[in-house]
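Contents: one structure, followed by commentary.
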Amino acid sequence: MKEWVAVLKAADAAARWHVHQRRKGTAEEPYINHLLEVASLVAEATDGKDSELVIAALLHDAIEDQEVAAEIISEAFGTTVAEIVLEVTDDKSLGKAERKEKQVHTAPNKSQRAKLLKLADKTSNLRAIAATPPPDWSVKRRLDYVAWARSVADGLRGANRWLEERFDEAAKAAEESVRPVRPGA
994 MKEWVAVLKA ADAAARWHVH QRRKGTAEEP YINHLLEVAS LVAEATDGKD
1044 SELVIAALLH DAIEDQEVAA EIISEAFGTT VAEIVLEVTD DKSLGKAERK
1094 EKQVHTAPNK SQRAKLLKLA DKTSNLRAIA ATPPPDWSVK RRLDYVAWAR
1144 SVADGLRGAN RWLEERFDEA AKAAEESVRP VRPGA
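Numbering follows the numbering used here, in which position 181 of the sequence shown is assigned residue number 1174; successive positions increment by one, without gaps.
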């Protein structure tokens, strides 16, 4: 029971740290929705048996997006959680293209927990692109993102079949969201 109190405290911290952040899509939904979706995906993928991973999912963008020090995460939620968050955090000192390429190359070498978290994160992002894409993203950019996400996911395969299936569904939906509806369909 105590571990789920920590999960709720992490959700509260995530909501506070990301309070002014919005998703890039046309709905501009609060960023906490993304964090909660990623946490729900990893919770379901692990049958609710890994509260540390759920906490890491809630906090996975805190360092990268809000410059929360890893030490703050470690003090509040433990070293293991901080290590998982660090493992999925992009190095913002690198250019965007280099960061994206690095994700593809490092995916196969991630820990099991980091693979699950990355897969859940990519799944959530693809769902958002299908439902409410950023208004300034062309069809090409959306399809390029799906292709890149698939490349990252290829290196994460074998981590969790259920989560891989959710990812595949989300990738397919994101691709289909840009295709015209056929007459009579």
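Every residue gets a Cβ at the ideal spot worked out from N, C-alpha and C, and that includes glycine.
Nearest neighbour of Trp1141 by Cα position, chosen from Asn1118, Ser1104, His1053, Glu1169, turns out to be Asn1118. In this structure, Asn1153 and Leu1109 form a Cβ contact; the two beta carbons are roughly 6 Å apart against a cut-off of 8 Å.
Counting only the Cα atoms, Asp1058 lies some 22 Å from Ser1104. In terms of Cα proximity to Glu1162, the closest of Asp1137, Arg1175, Thr1125, Ala1113 is Ala1113.
Beta bridge pairing from DSSP links Pro1101 with no other residue. For Leu1029, the enclosing alpha helix (DSSP H) starts and ends at 1025-1038.
Short of 7 Å from the beta carbon of Thr1082, and not among the five residues preceding or following it, lie these beta carbons of its own chain, in chain order: Ile1056, Glu1057. The region 1119-1130 makes contact with the region 1167-1175, as at least three CB pairs between them are under 8 Å.
DSSP places Gln1059 inside the alpha helix (DSSP H), whose first and last residues are 1055-1059. Look at the beta carbons and you see the region 1061-1079 not touching the region 1026-1040: under three pairs across the two are nearer than 8 Å. Assignment of Arg1015 by DSSP, reduced to helix, strand and coil, places it in the strand class. Distance from the CA of Asp1043 to the CA of Val998, rounded to the nearest whole angstrom, comes to 13 Å. Between Pro1127 and Glu1021, the alpha-carbon positions lie close to 9 Å from each other.
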